[in-house]
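Quick mapping for you: the protein sequence lines, in order, are chains A and B. So in UniProt numbering, the last one in the first sequence is 460, and the numbering has no gaps at all. So in UniProt numbering, the last one in the second sequence is 460, and the numbering has no gaps at all. Encoded as structure tokens, the structure appears first; notes follow it.
2 protein chains.
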Amino acid sequence: MGQDGSPAHKRPSGSGGGLPTTTVANGGGRGGGGGRGGLLPRGRQMQKTFNNIKITILCGFVTILVLRGTIGVGNLGSASADAVNQNIIEETNRILAEIRSDSDPTDLDEPQEGDMNPNATYVLGPKITDWDSQRKVWLNQNPEFPSTVNGRARILLLTGSPPKPCDNPIGDHYLLKSVKNKIDYCRLHGIEIVYNMAHLDKELAGYWAKLPMIRRLMLSHPEVEWIWWMDSDALFTDILFQIPLARYEKHNLVIHGYPDLLFDQKSWIALNTGSFLLRNCQWSLDLLDAWAPMGPKGPIRDEAGKVLTAYLKGRPAFEADDQSALIYLLLSQKDTWMEKVFVENQYYLHGFWEGLVDRYEEMVEKYHPGLGDERWPFVTHFVGCKPCGSYADYAVERCLKSMERAFNFADNQVLKLYGFGHRGLLSPKIKRIRNETVTPLEFVDKFDIRRTQVETKPQN
Amino acid sequence: MGQDGSPAHKRPSGSGGGLPTTTVANGGGRGGGGGRGGLLPRGRQMQKTFNNIKITILCGFVTILVLRGTIGVGNLGSASADAVNQNIIEETNRILAEIRSDSDPTDLDEPQEGDMNPNATYVLGPKITDWDSQRKVWLNQNPEFPSTVNGRARILLLTGSPPKPCDNPIGDHYLLKSVKNKIDYCRLHGIEIVYNMAHLDKELAGYWAKLPMIRRLMLSHPEVEWIWWMDSDALFTDILFQIPLARYEKHNLVIHGYPDLLFDQKSWIALNTGSFLLRNCQWSLDLLDAWAPMGPKGPIRDEAGKVLTAYLKGRPAFEADDQSALIYLLLSQKDTWMEKVFVENQYYLHGFWEGLVDRYEEMVEKYHPGLGDERWPFVTHFVGCKPCGSYADYAVERCLKSMERAFNFADNQVLKLYGFGHRGLLSPKIKRIRNETVTPLEFVDKFDIRRTQVETKPQN
Chain A
1 MGQDGSPAHK RPSGSGGGLP TTTVANGGGR GGGGGRGGLL PRGRQMQKTF
51 NNIKITILCG FVTILVLRGT IGVGNLGSAS ADAVNQNIIE ETNRILAEIR
101 SDSDPTDLDE PQEGDMNPNA TYVLGPKITD WDSQRKVWLN QNPEFPSTVN
151 GRARILLLTG SPPKPCDNPI GDHYLLKSVK NKIDYCRLHG IEIVYNMAHL
201 DKELAGYWAK LPMIRRLMLS HPEVEWIWWM DSDALFTDIL FQIPLARYEK
251 HNLVIHGYPD LLFDQKSWIA LNTGSFLLRN CQWSLDLLDA WAPMGPKGPI
301 RDEAGKVLTA YLKGRPAFEA DDQSALIYLL LSQKDTWMEK VFVENQYYLH
351 GFWEGLVDRY EEMVEKYHPG LGDERWPFVT HFVGCKPCGS YADYAVERCL
401 KSMERAFNFA DNQVLKLYGF GHRGLLSPKI KRIRNETVTP LEFVDKFDIR
451 RTQVETKPQN
Chain B
1 MGQDGSPAHK RPSGSGGGLP TTTVANGGGR GGGGGRGGLL PRGRQMQKTF
51 NNIKITILCG FVTILVLRGT IGVGNLGSAS ADAVNQNIIE ETNRILAEIR
101 SDSDPTDLDE PQEGDMNPNA TYVLGPKITD WDSQRKVWLN QNPEFPSTVN
151 GRARILLLTG SPPKPCDNPI GDHYLLKSVK NKIDYCRLHG IEIVYNMAHL
201 DKELAGYWAK LPMIRRLMLS HPEVEWIWWM DSDALFTDIL FQIPLARYEK
251 HNLVIHGYPD LLFDQKSWIA LNTGSFLLRN CQWSLDLLDA WAPMGPKGPI
301 RDEAGKVLTA YLKGRPAFEA DDQSALIYLL LSQKDTWMEK VFVENQYYLH
351 GFWEGLVDRY EEMVEKYHPG LGDERWPFVT HFVGCKPCGS YADYAVERCL
401 KSMERAFNFA DNQVLKLYGF GHRGLLSPKI KRIRNETVTP LEFVDKFDIR
451 RTQVETKPQN
């Protein structure tokens, strides 16, 4: 909810496309576990970018040699250190170019990558119709792999990023911090993580890549009750809060959104696919099958994009993204699906970052972890920041600093058990928040989150 | 073991210092969870490096404008895309510089950072003498947090990296891949991960940072039986292999090394602290207390380095590192410690990468996962590669490609359950290795590692 009570204006998840700009070629965004969609073929765009970077660095090197006589040696540091630095940078770029171009000589049997035939119907895999009973039989036969652990249904968190280095170097650093953040939350809550860095299906690249991976995990992990997809640009910011699974006993899809935006306004941001739970069951396999057809890249995805833009309020013109496609599916086949869909907004299963990141200090002052809502958001989601790509919808500085703040805000909650906290929300340095003791276990009893776990009730 | 039967020449772990060079200023290496040691103050070296990079990019920009008239517009791409790219790169660098300089205005209460008084004795914390009984009592009172799970002692894997972006951009990308690799192994073996990105003790930065963190985790997680430290430049390459804990029932420290190198030659690489297990008990707290005093940075660490160089065979001259200090401690106080130390070399708890990475294809052809030794190494450790830093001991290209191969070699073992594999060990692309089916559970029964887990016996 926005600060004035109305739903905050939300863009789709960071793995979706942002508002198109003249340079939307790379604006397709960093897909969680997928490649980037775009108007130019990705290879050509990358090649151009690399040519630019290589020429820039070579020219810079030449220019340094020329300028040294003018500016003086002192300001530029020692020649050998410069040369070594340059050498390493050039060599790294050359290797990066090689890795990115993926010139593996054993790639001889790779079929020619073309767009899918627009007249063929895309399928995620062979149609399974009895998954509920297959799964039930397997669980009975494998009691050492129950679908509930310590009274809670087993959850597997799926996230990921593309297999190649980010265009923007800082992107990999924030992907690293993001996965550490997820490791911390999941360790405290007994949730397994799968970090996907592979494209299971070249047709469904970019933000669509989550669909085949979710399906694959369901079928490979019958012991898992819920698959929780989470974007790599979404951070946990309430380390204590637990998903209130009891609310969803009769539902199969839990997704953050607003019913009025969905049903009344048909808004393209009525739901957010940056963080949602899908139950491991036949219904979900059917949903994925119905959801996927707009995804195959090329003419199918482009044409589908036009349909979605025409149908959904506020949607700019760009190729079909998974979020818009899901909204369209749930609206156009409302009777088929909506009974089992829980549109959740009592807590921030997805929390749009802009209205949250400046209030962390105020939250610490007034509230406490475990609330999960606007008082202490469960998830802060950096929609549109795209630190991995070249083109963001928001100012780079604002994004990076905000992500740093969110990360440290969460990290403070984790470090509390160990007696430390960050010096400030922008500081990587930590300080002691309590003295060392020869009886450390009293603090374990007091601060270990797993021991103080309560089922939090949503507000209202 | 090396290929010719003699122990392979091993440098200390990647988080330790490598052979010193004239530019050893940044050669202190990337500490796991610590900062970088070095001869120049880190801030000044960073500042110089940033000045160099900023000037390079500015000059390159000017040069491009000049050269465009000569080379032609077509080869350089559109002006607006270049300008936007440049803008983003410059802004990112400026923000990086700000984040790195850590100019948080709330840092007012930070004491002046100076070196520790060489005459004072460094302590990790107040002396605890009854940890075994404290822990035992707590475990009795908290049966819901047993120290064994499914018949195996509870292990917590500790790894980490410095809180700031890597000097070399590719470094963060490989840190990300490395943690994904660890997530996969630990998920399959029920091991919890703590990824440390904080300096708990500014005295013990760099490779020493693991000591206070290990101690902190022991005292905060009484339910954990073993803390397993693993460097961020070490990758799991045998996804099936399990640590044979039964071997270590009478031991408290399990570390890879060679007794003859240790006792006969007093070699500085007789043991490797890049991957070792420490039992959560009083003995370990005492070991950490005895180990730490050579660590405090400044004169203490420098002087200790000289002692270590004089005492240990083959050690170059540089500040004290944790590995050399441990070897020195175990040798000079042999009777106190060695009874509880297991020097393991029956499998590659640490496997020096150089003799391993070229043989992966041969391994796939001849052997199978689960062996953990030179036939299928448990851990491949990229000692000396330092992708996060500026100065490596090995050629950048060799290191990056080898790490890529090791990562994909391991990833293939994980993807097998899902029916995929990499197209080649250098390729981020994957291909199906078996067809989809409507009865996927037969493959779960066949390929899920957790279901086929056997206690592997070491060779001999």
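Just so you know, even glycine gets a beta-carbon here, dropped at the ideal spot from N, CA and C. Since the structure is predicted, the reported quantities are computational estimates derived from the model, not experimental observations.
- Message: Does chain B have any CB closer than 8 Å to the CB of S220 (chain A)?
- Response: Chain B contact via Cβ: present.
- Three-pair Cβ contact test at 8 Å for the region 123 to 133 of chain A versus the region 276 to 285 of chain A: A contact exists between the region 123 to 133 of chain A and the region 276 to 285 of chain A.
- Message: So the candidates are B:Y360, B:V254 and B:L425; which of them puts its Cα closest to the Cα of H350 (chain B)?
- Response: That would be B:V254, whose Cα lies nearest to the Cα of H350 (chain B).
- For L426 (chain A), which residues from the same chain have a beta carbon less than 8 Å from its beta carbon, with the 5 sequence-adjacent residues on both sides left out? Once the five neighbours on either side are set aside, the close Cβ partners of L426 (chain A) are K401, E404, R405 and N408.
- What residue ranges within the region 212 to 297 of chain A form continuous alpha helix (DSSP H) runs of no fewer than 4 residues, ordered along the chain? Listed in chain order, the complete alpha helix (DSSP H) runs (minimum 4 residues) inside the region 212 to 297 of chain A are 282 to 291.
- Can you give the beta carbon distance from M218 (chain A) to N150 (chain A), rounded, assuming they're within the 8 Å contact cut? Not confirmed; about 22 Å, so no contact.
- Grouping DSSP H, G and I as helix and E and B as strand, with all else coil, what is V396 (chain B)? V396 (chain B) sits in a helix when the DSSP states are folded into three classes.
- Assigned exposure category for N196 (chain B) - 16 Cβ within 10 Å defines buried: Under this definition N196 (chain B) is a buried residue.
- Item | Residue-level contact to chain A via CB, V307 (chain B), 8 Å cutoff | Answer no: the Cβ-Cβ gap between V307 (chain B) and chain A never drops below 8 Å.
- Given that E442 (chain A) touches chain B, what residues does it touch there, using C-beta distances under 7 Å? Within 7 Å Cβ-Cβ: nothing; E442 (chain A) doesn't reach chain B, min ~10 Å.
- Using a beta-carbon distance below 8 Å, is G151 (chain A) in contact with chain B? By this cut-off, G151 (chain A) is not an interface position.
- Query: Can you tell me the Cα-Cα spacing of F342 (chain B) and D184 (chain A), whole angstroms?
  - Reply: Rounded to the nearest angstrom, the gap between the Cα atoms of F342 (chain B) and D184 (chain A) is 31 Å.
- Local Cβ density within 10 Å of residue 493 (chain B), reported as buried at 16 or more and exposed below that: Only positions 1 to 460 of chain B appear in this structure, which leaves residue 493 (chain B) out of reach.
- Report yes if the CB atom of W226 (chain A) is closer than 8 Å to the CB atom of I214 (chain A), and no otherwise. Not in contact: W226 (chain A) and I214 (chain A) (Cβ atoms no closer than 8 Å).
- Task: Using a Cβ-Cβ cut-off of 8 Å, state whether V379 (chain B) counts as contacting chain A.
- Result: No, because no Cβ of chain A sits closer than 8 Å to the Cβ of V379 (chain B).
- Shortest alpha-carbon distance to R375 (chain A) belongs to which of A:Y367, A:H381 and A:F382? For the set A:Y367, A:H381 and A:F382, the Cα lying nearest the Cα of R375 (chain A) is the one of A:Y367.
- Given that a residue counts as buried once 16 or more other Cβ atoms are within 10 Å of its Cβ, and exposed if not, what is A317 (chain A)? A317 (chain A) comes out exposed.
- For N196 (chain A), the first and last residue of its enclosing beta strand (DSSP E): Counted as a single uninterrupted DSSP element, the beta strand (DSSP E) harbouring N196 (chain A) occupies residues E192 to N196.
- I430 (chain B) lies in the beta strand (DSSP E); which residues open and close that run? Start and end: I430 to R432.
- Query: Do Y347 (chain B) and F241 (chain B) have their C-beta atoms closer together than 8 Å?
  - Reply: Contact flag set, yes.
- Message: With the cut-off set at 8 Å, would you say N345 (chain A) and Y248 (chain A) are in Cβ contact?
- Response: Taking 8 Å as the Cβ cut-off, N345 (chain A) and Y248 (chain A) do not qualify as a contacting pair.
- Exposed or buried, which one is T148 (chain A) when buried takes at least 16 other CB atoms within 10 Å? T148 (chain A) is exposed by the Cβ-count criterion.
- Message: For the pair the region 205 to 212 of chain B and the region 307 to 325 of chain B, tell me if three or more CB-CB distances fall below 8 Å.
- Response: Segments in contact, yes.
- Item | V341 (chain B) - DSSP class collapsed to helix/strand/coil | Under the three-state reduction of DSSP, V341 (chain B) is assigned to strand.
- Item | Euclidean distance between Cα positions of R432 (chain B) and V364 (chain B) | Distance between the alpha carbons of R432 (chain B) and V364 (chain B): 17 Å.
- Query: On the three-state DSSP scale, how would you describe L158 (chain B)?
  - Reply: Under the three-state reduction of DSSP output, L158 (chain B) falls in the strand class.
- Message: Does chain B have any CB closer than 8 Å to the CB of K386 (chain A)?
- Response: So no, K386 (chain A) is outside the interface.
- Message: I'd like to know whether the C-beta of A304 (chain B) is nearer than 8 Å to at least one C-beta of chain A.
- Response: So no, A304 (chain B) is outside the interface.
- Query: Should the region 263 to 270 of chain A be called in touch with the region 286 to 300 of chain A, which here means at least 3 C-beta pairs below 8 Å?
  - Reply: Not touching, per the Cβ criterion.
- Message: Suppose contacts are defined by Cβ-Cβ distances below 8 Å. Is Q413 (chain A) in contact with P440 (chain A) by that definition?
- Response: Taking 8 Å as the Cβ cut-off, Q413 (chain A) and P440 (chain A) do not qualify as a contacting pair.
- Query: So, is the C-beta of K164 (chain B) closer than 8 Å to a C-beta in chain A?
  - Reply: Yes, K164 (chain B) lies at the interface with chain A (some Cβ there is under 8 Å from its Cβ).
- Query: Can you check whether the CB of R423 (chain B) is closer than 8 Å to the CB of K416 (chain B)?
  - Reply: With respect to the 8 Å criterion, K416 (chain B) and R423 (chain B) are not classified as neighbours on the basis of their beta carbons.
- Message: Pop quiz: S267 (chain B) and G314 (chain B) are said to be a contact at Cβ under 8 Å. What is the actual Cβ separation, rounded to whole angstroms?
- Response: Right, the Cβ-Cβ distance comes to about 6 Å (below 8 Å), so this counts as a contact.
- Message: Quick check: is the beta carbon of Y418 (chain B) nearer than 8 Å to any beta carbon in chain A?
- Response: Contacts with chain A at 8 Å (Cβ-Cβ) include Y418 (chain B).
- Could you check how far apart the C-beta atoms of E223 (chain A) and R154 (chain A) are, in whole angstroms? I think they sit under 8 Å. Going by Cβ atoms, the distance from E223 (chain A) to R154 (chain A) rounds to 6 Å, so yes, they are a contact pair.
- Item | Straight-line Cα distance separating L330 (chain B) from G190 (chain A) | Answer to the nearest angstrom: the Cα atoms are 38 Å apart.
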